[in-house]
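Take 52 as the starting number for the sequence shown in my numbering and just add one per residue. Every residue gets a Cβ at the ideal spot worked out from N, C-alpha and C, and that includes glycine.
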Amino acid sequence: MNRLIMPLFYYYKNPTLSDRKWIAQRMKEVPEKLQQEVSNNYDNNYLKPKNGRDTANKYLNGVATEFRIERQNRARDKPKEQIVTPPAIKKKVNNLVNSPVSEFAKFKVAKTRQFKSDDGLWTKKL
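Given below as structure tokens:
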């Protein structure tokens, strides 16, 4: 299991009003080797006297987005494995496709429509 390294300082007013979950989601995007460095940079930005929280969150969001895009590009460029279907399944599918009439095609769906009769009741007419 991957160990998540979190910054020491972040906004916390109460359990429902905190940046912890948001930061944890962004830190999961960062590789483990770089999490400590990113965490230290977040702390340094957060402790700045003016707009510290805002700059720290923008920094972390930018880093996480960069790693997420890089991971998505690697996954997209990775060659996909071909799915191999077993011969027994191929045979069943070919039999179903090539059969002249399937059992379900023998039944026709009856069309029905509703109309209001003279006595005011809705009835179905075939």
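Would you call the CB atoms of residue i and residue j closer than 8 Å?
i: I56; j: Q86; result: yes
i: D94; j: P58; result: yes
i: V114; j: V81; result: yes
i: R71; j: N112; result: no
Considering Cα atoms alone, identify which of the options is closest to residue i.
i: S90; options: Y110, Q123, D105, P100; result: Y110
i: R54; options: A75, Q123, E117, N96; result: A75
i: K84; options: K142, F118, P137; result: F118
i: T116; options: S69, P66, K79, F60; result: K79
i: W73; options: A107, E88, P100; result: A107
How far does the alpha helix (DSSP H) with residue i in it reach, from first residue to last?
i: R104; result: 103-128
When the cut-off is 8 Å and only beta carbons count, does residue i lie next to chain C?
i: K72; result: Looking at the structure shown, chain C is missing, and only one protein chain is on hand.
So residue i and residue j are supposed to be a Cβ contact under 8 Å. How far apart are they, rounded?
i: N96; j: G103; result: 6 Å
Alpha helix (DSSP H) segments (min. 4 residues) lying fully within the stretch 60-85: 71-80
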